Amino acid sequence: MFPYPSGRIHMGHVRNYTMGDVLARYQRMRGFEVLHPMGWDAFGMPAENAAMEKGVHPGGWTRQNIAQMKAQLQRIGFALDWTREFATCDPEYYGHEQALFADLYEAGLVYRKESTVNWDPVDMTVLANEQVIDGKGWRSGAEVEKRKLNQWFLKITDFAEDLLAGLENLEDWPEKVRLMQENWIGKSQGLEFSFDLSNGERVPVYTTRPDTIFGASFVAVAADHPVAQALAMNNCDVASFIARCKKGGTTAAELETAEKLGFDTEISARHPLTGAELPVYIANFVLMDYGTGAIMGVPGHDQRDFDFATKYALPITRVVASDPARADDPFKGEAEAGDGVIVNSGFLNGMSVDDAIQAVITRAEGEGWGTGRTVWRLRDWGVSRQRYWGTPIPFIHCEACGVVPVPKDQLPVTLPDDVSFDIPGNPLERHPTWKHVDCPKCGRAALRETDTLDTFVDSSWYFLRFASQPADRPFDPEEVAKWMPVQHYIGGIEHAILHLLYARFWTRALAHIGKITVQEPFAALFTQGMVTHETYSQSTFGSTSHRTEYFSPDEVERRGNVTYIKGTDEPVLVGRVIKMSKSKKNVVDPDAIIARHGADAVRWFMLSDSPPERDLPWSDAGIEGCSRFVQRLWRLFSAYDAGAVGEDKSLDRKTHQTIAAVAADIEALGFNKAVARIYELTGAAEKSAPSASRSAAIRALVHMVAPMMPHLAEEVWAKIGGEGLIADAPWPAVDPALLVDDEVTIALQHMGKLRDTITAPKGASKDALEALALASANLQRSIDGAPVRKVIVVPDRLVNIVT
RNA sequence: GCGGGCGUGGUGGAAUUGGUAGACGCGCGGGAUUCAAAAUCCCGUUCCGCAAGGAGUGUGGGUUCGAUUCCCACCGCCCGCACCA
90 MFPYPSGRIH MGHVRNYTMG DVLARYQRMR GFEVLHPMGW DAFGMPAENA
140 AMEKGVHPGG WTRQNIAQMK AQLQRIGFAL DWTREFATCD PEYYGHEQAL
190 FADLYEAGLV YRKESTVNWD PVDMTVLANE QVIDGKGWRS GAEVEKRKLN
240 QWFLKITDFA EDLLAGLENL EDWPEKVRLM QENWIGKSQG LEFSFDLSNG
290 ERVPVYTTRP DTIFGASFVA VAADHPVAQA LAMNNCDVAS FIARCKKGGT
340 TAAELETAEK LGFDTEISAR HPLTGAELPV YIANFVLMDY GTGAIMGVPG
390 HDQRDFDFAT KYALPITRVV ASDPARADDP FKGEAEAGDG VIVNSGFLNG
440 MSVDDAIQAV ITRAEGEGWG TGRTVWRLRD WGVSRQRYWG TPIPFIHCEA
490 CGVVPVPKDQ LPVTLPDDVS FDIPGNPLER HPTWKHVDCP KCGRAALRET
540 DTLDTFVDSS WYFLRFASQP ADRPFDPEEV AKWMPVQHYI GGIEHAILHL
590 LYARFWTRAL AHIGKITVQE PFAALFTQGM VTHETYSQST FGSTSHRTEY
640 FSPDEVERRG NVTYIKGTDE PVLVGRVIKM SKSKKNVVDP DAIIARHGAD
690 AVRWFMLSDS PPERDLPWSD AGIEGCSRFV QRLWRLFSAY DAGAVGEDKS
740 LDRKTHQTIA AVAADIEALG FNKAVARIYE LTGAAEKSAP SASRSAAIRA
790 LVHMVAPMMP HLAEEVWAKI GGEGLIADAP WPAVDPALLV DDEVTIALQH
840 MGKLRDTITA PKGASKDALE ALALASANLQ RSIDGAPVRK VIVVPDRLVN
890 IVT
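FYI, the numbering for the first sequence is 90 to 892, going by our numbering.
Structure representation (structure tokens):
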């Protein structure tokens, strides 16, 4: 529960927090101590954008948003522990973050290095990859430049192996998310070895398929590989080829269709095993930042190499064959990546792929021309942002002493308030006094670091601060040990990699330096679906352009089968049901719905119908139905009679079965199923005549809807004379004897087709059931005198006659 | 291309280990109530058929007494990653 305070709560928040609230309230009723906190991920870009656009201070804007959103959350009735509320822009919070950052620096997990960044020359700031659209800054529209800057990094790669291994134990995480993280970490094992070049240099290459080394027919280096760069100095053909490679688009579609391009350097490389001289190419499909930036090309068993070899008429040799007898058959237009037996490969012939991989690595290491190596896709985490509204990185640059951490007793390094956003760039950088400080070590004039931390750092440890909030430390390790790991972490799938990986890393890093004992922050993860709505639009087609205008749900009205702009005869196009978004205007404001239907109806809608992991299509008809159900419950509850007498055994059974089922459904997060059960019991209670059983059913219903519709439940609870708050009352007990029916319906089948149903006592013997079945006229008519070959009896379920 | 997920009525979706497909909600149809409407209540609502009956869970096959569920092939949609050597 750590939203970005963007200004207003949206339906996605409501859905997420309603699920969490139901769990929290339910578990409290079950007698557990529940920590259900709320805080604010309050640093970040939108506040600075607002400052630039509206001239308001990011801090004031953020605080105002928080106040507004908190009021909204309170209106919805979430049982949150507001005593633990904090925002990441509180100096107390980010001060502790600075101390932790300094601790990690001391432990060698923070470092600075020069790296290439996306630089927006108009806004004068670094942009994240996802903020660069078609090579242009998303805000300014300016052509983004690659710049080399000194940046702060966190050594997440030190934990790569552990982060990967830890996924195995996260059984209550969706398989999908674990897989995404696994791919992102991207472990691969292989061989690194070098080719001696005819120009006297050596080129190291990396391969995961050393077993195919005898099939290598060329060597290729990336366009920005040192070998290519050196050649470009004296050869403008090379230089222009490299430029051509770099110009290629970066979007997925462009990459997919990009043709393999190579430039023959006319240098040759000696194969370490065969001594053959292989041509060396500069190739556009080789990446400088993966492996060594150079590869051995094995066209027979790699599709990219195959495409390349085909284009440049290089030899294609089969070195792995599914059938060794056909080792020299021609290729069928594509590489053969499959498993098989090694052929045409000297000492490897006859081995399996796995054995050959080991054999080559062993031989390379023995002869000293290569080593087994593990390569990771995961990179260290660059946390520098040239921004104002973030946690200042607590370091000082001194000409004499170098990079010096701000002493702990001088933390927090707070943000100055007197900043301006009227010109682009980092206000901290151009502030007249803020960055000028004395070096803590030598006392001479020095400069404060003006970069602030990526906001993902703020959200990488907030859950520890929720556990306890001492003033002098970030958290109390005992409280952390008591509450962590988080038992129910609910969020959108968009956090699958970044936030969830960073938080896992921070938790490990803090454990590594002895601050906490827990390794994994989130024991169970649940990724909820989006709230969706259809879109309404009109398109206008000009001679050169085509424009689509969207309309919000309250700007349109439906008359018959057509949807019009309200109060007009202009029809709109009703589009697909997609995620609510401001740009498509298909949003519904929770406040407006609450004002109309009440918080309980909105909460109920969030839980009904759609399984929580799937998308929830918002509809007016749906919320109206929920609203009606609230009224219906109220009418039923109003008919409660504490003194009613008489027993309705079947209603008693239904009540207890429902209590047990709803509990199981809530625990499994099957809210839609719990809702359906409550509907059923409500219907049964309505149909039942007044009796003690009916009153008991009503009391049970009040308890069961309490976590979902707290307002109605509390109102009724008080009305029917309940003690205190129903939120504090225990979940109703279940009588196991009432969970089983004493009569069951038995399906009678002939050849697996249903012919009749009968009622039989629960637990009736197979023989008894068979006899009852054979007495069925419908079944006999179907059998029609045919000899019975077999009778299958599933007790309490069915009888199937086979003829 | 690689990886993952999903296909059930008009619609959102239910369905223990393979055992009565369509619970429950929405919508729709009919009726009651009302001067009328709203609200409410009752009945109906997978398809074909007057009925008996038949068909039916994306398509085609398979295993089984019995398949939404298991296996094989295919089609469609969605998501993630991507020239990762």
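Every residue gets a Cβ at the ideal spot worked out from N, C-alpha and C, and that includes glycine.
Bear in mind that the values here come from a model prediction, so they are computed numbers and not experimental data.
Judged by beta-carbon spacing, A598 lies within the 7 Å limit of L193, meaning their Cβ atoms are closer than that value. Contact between N515 and Y477 holds: CB atoms are separated by about 6 Å, below the 8 Å threshold. Note on geometry: alpha-carbon atoms of Q627 and K674 lie some 13 Å from one another.
One Cα belongs to S699, the other to F615, and the distance between them is close to 15 Å.
When only Cα atoms are considered, E775 and K743 end up about 13 Å apart. Taking the Cα positions, V375 is about 39 Å away from Y93. If you draw a straight line from the Cα of K668 to the Cα of D704, it comes to about 8 Å. Membership of G184 in the alpha helix (DSSP H) is indicated by the continuous run P180 to E195. Collapsing the DSSP output to three states places K571 in a helix.
Spatial neighbours of D394 in its own chain (CB-CB distance under 6 Å, excluding positions within 5 residues in sequence) are listed in chain order as G386, V387 and P388. Counting along the chain, the unbroken alpha helix (DSSP H) around W150 starts and ends at P147 to I165. In the DSSP assignment, L589 falls within the unbroken alpha helix (DSSP H) covering L587 to H601. Within the same chain, and ignoring the five residues on either side of V569 in sequence, the residues whose Cβ sits closer than 6 Å to its Cβ are L553, A556 and I605. Around the beta carbon of K879, fewer than 16 other beta carbons sit within 10 angstroms, so the residue counts as exposed. If you keep only unbroken alpha helix (DSSP H) runs of at least 4 residues inside the stretch 441 to 495, you get 442 to 456. W707 sits in coil when the DSSP states are folded into three classes, being neither helix nor strand.
Taking all protein chains in view, the Cβ of S672 is surrounded by fewer than 16 other Cβ atoms within 10 Å, so the residue is classified as exposed. For the set A453, V691 and R562, the Cα lying nearest the Cα of Q161 is the one of V691.
The DSSP-derived three-state label of N324 is coil.
DSSP places T541 within a strand segment (E or B) once states are collapsed to three.
Spanning the alpha carbons of V292 and D285 requires a straight line of approximately 7 Å. Nearest neighbour of G732 by Cα position, chosen from D678, G810 and A753, turns out to be G810. DSSP places P799 in no beta strand (DSSP E) but in the uninterrupted alpha helix (DSSP H) bounded by P799 to K808.
Excluding the 5 residues flanking it on each side, N105 has same chain C-beta neighbours closer than 6 Å at I579 and Q617, in chain order.
Per DSSP, the unbroken beta strand (DSSP E) holding T652 starts and ends at V651 to I654. Y768: not part of any beta strand (DSSP E); member of the alpha helix (DSSP H) spanning F760 to K776, first to last residue. Check the Cα spacing between V508 and each of Y370, G148 and G435: the tightest is with G148. Beta-bridge partners of Q576 (DSSP): none assigned. For L216, there is no enclosing alpha helix (DSSP H); the residue is part of the beta strand (DSSP E) that begins and ends at T214 to L216. Rounded to whole angstroms, the Cβ separation of W470 and I245 is 5 Å, and the two are in contact under 8 Å. DSSP, reduced to helix, strand and coil, places E859 within a helical segment of the structure shown.
Taken through DSSP and simplified to helix, strand or coil, Y729 comes out as coil. Boundaries of the alpha helix (DSSP H) harbouring R267: E264 to I274, taken from the DSSP string. Within the stretch 340 to 419, the runs of beta strand (DSSP E) at least 3 residues long that lie entirely inside it are, in chain order, 351 to 359, 366 to 372 and 383 to 386. With a beta-carbon spacing of about 7 Å, Q558 and R173 fall inside the 8 Å limit used to define contacts.
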